[in-house]
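Read in order, the letters of the sequence shown are residues -19 to -1, 1 to 404 in mature numbering (1 follows the signal peptide of the UniProt record, and there is no 0). Beneath this line is the structure, given in structure tokens, with notes to follow.
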Amino acid sequence: MKNRLLGIIPFLLLGHLHAAVEVPAFTAYQSPDPNGGASRGKDGEITGWEAKTTLSWYGLVKKKGDLELSLKAIGEISKQAKLQLTVSSQENPKETTKLSGKAEGDTISFGKAEISKPGYYRFTLEGKGTKLPDLRSLNLDGAASEEAHFSKVERKNSASIHLGYPVPDEAKEEVEWFYLEVTPKTEPLWSYYMATGWHRGYFGMQVNSPTERRIIFSVWDSGNEAVDRDKVHDDHRVKLLGKGPGVNAGDFGNEGTGGHSHLVYPWKLGDTVHFLMRAEVEGTNTIYTGWFRDSKKKDWQLVSSFRAPNDGKYLHGLYSFNENFGGQNGDQRRVCEFGNGWIKTKSGKWLPLTEASFTHDGHGKSERLDRSAGVEGKRFYLANGGFVEDAHKSAVTTAYDKLKISSPEGKHPADAELDALAK
């Protein structure tokens, strides 16, 4: 009988064991100021937060059932500190559970929340009192914690995602012009909707501050220097040949080096912006030039033109991307449509871009799974951030998934327009 009991006990214990999830405190998003209100300690703890700041963690809960919630604090917890944790569904924000904290030792227990449907959930912490505790982690246990997924790294921006456009074999070595239209569907701070990227640079639009937006055109140097352009030999540096009125031009580094240009321009949410670029081959050099216009204007506006050394090729590696280039607001959703894409070859033939391949960066492989692409009408779209699942019927989430449209929704620029720009 004793042996039978000994054999049963491990199974009884297993029945009550769940893989508890420990979420580092520093992964919390701060509100109302994403860059302020609390500090990160040397060991990853959150320190110095006050009642005016709320902290939010987000996770993908894959199981139904009870979710036991607690916080691990550092040091003594003041009796004046009153903490409330709100658990809410990202799919249905009205579905909330409010839990009051009870301190015991270095643990603040909030009890249980019932998870009725798997999906992304938000865990929002609010505090009252003059001395709120320093925090080490948010802890989840219970049946619903099994297989729950949280990003546990320092980086809090969303995954960078891309659309790669395959070029027909007949045009691979002679793409002279690249045209694409971009329609932003959301506009969070620190968004970069890049329209016409290629093997030596990128061209698109950004949200840089609450009051500033930009059109940006950049070309990489040749060589292997990744950080400091002052270390790049003159033979490898791209040279600015010209720029449009009001355009700022200079250097960039830290992601490769090269020539940067941007125009402060108040593009609007929902308006379509047209991007056009050209490659002119001169021996082992290539001149890259970018123009843009919005849908309410007819005339193309020059951004800049750069001569790139050690090249001598036309455009290849064509792609677009959606990037959250600031590190603190990946909890906001970014959606942008890319459409009516065309290329024109050196021999004068226009070809539509009707296929795209979805990819994401390493952050999107293991940490941030809220990234996708799809087709809306006759346009492709890229969506990332916000800790929501993409319910669109065309959505793809796996790297190198393919997307296709039957035909572009519009026309390419007239040859006469290009001839005028090329003069």
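Note that the Cβ used here is the ideal one computed from N, Cα and C, for glycine as well. Since we're looking at a predicted model, the values are computed, not measured.
- Residue state for Asp396 is assigned as helix, using DSSP reduced to three classes.
- Here Asp47 carries a strand assignment [DSSP, helix/strand/coil].
- Across the structure, Ala354 and Ala364 are spaced so that their CA atoms are roughly 6 Å apart.
- His344: not part of any beta strand (DSSP E); member of the alpha helix (DSSP H) spanning His344 to Ser347, first to last residue.
- Scanning Asn266, Lys278, Leu283 and Gly264 for the CA closest to the CA of Trp272 turns up Leu283.
- Residues of the same chain with a CB within less than 8 Å of the CB of Ser59, apart from the 5 flanking positions on each side, are Gly110, Thr111, Lys112, Leu113 and Pro114 in chain order.
- Glu26 and Gly308 have their alpha carbons spaced roughly 18 Å apart.
- His373 counts as exposed, since fewer than 16 other C-beta atoms from the protein chains shown sit within 10 angstroms of its C-beta.
- Contact between Ser242 and Ser285 holds: CB atoms are separated by about 4 Å, below the 8 Å threshold.
- The segment 201 to 211 and the segment 236 to 250 touch, with three or more beta-carbon pairs separated by less than 8 Å.
- In the three-state DSSP reduction, His243 falls in the strand class (E or B).
- Around the CB of Pro13, fewer than 16 other CB atoms lie within 10 Å, so the residue is classed as exposed.
- Residue Gly367 holds the alpha-carbon nearest to the alpha-carbon of Val316 among Ser338, Ser388, Gly367 and Val213.
- Contact between Ile142 and Phe306 is ruled out by a C-beta separation of about 13 Å, above the 8 Å threshold.
- Beyond the five residues adjoining it in sequence on each side, Val2 comes within less than 8 Å, by CB distance, of Gly40, Asn120, Leu121, Asp122, Ser126, Ala129 and Phe131 in the same chain, given in chain order.
- For Asp216, same chain residues with a beta-carbon under 7 Å away, outside a window of 5 residues either side, are Pro290 in chain order.
- Nearest Cα to Ser276 within the set His255, Tyr269 and Thr270: His255.
- Under the 8 Å Cβ criterion, the segment 152 to 170 does not count as touching the segment 75 to 89, having fewer than three qualifying pairs.
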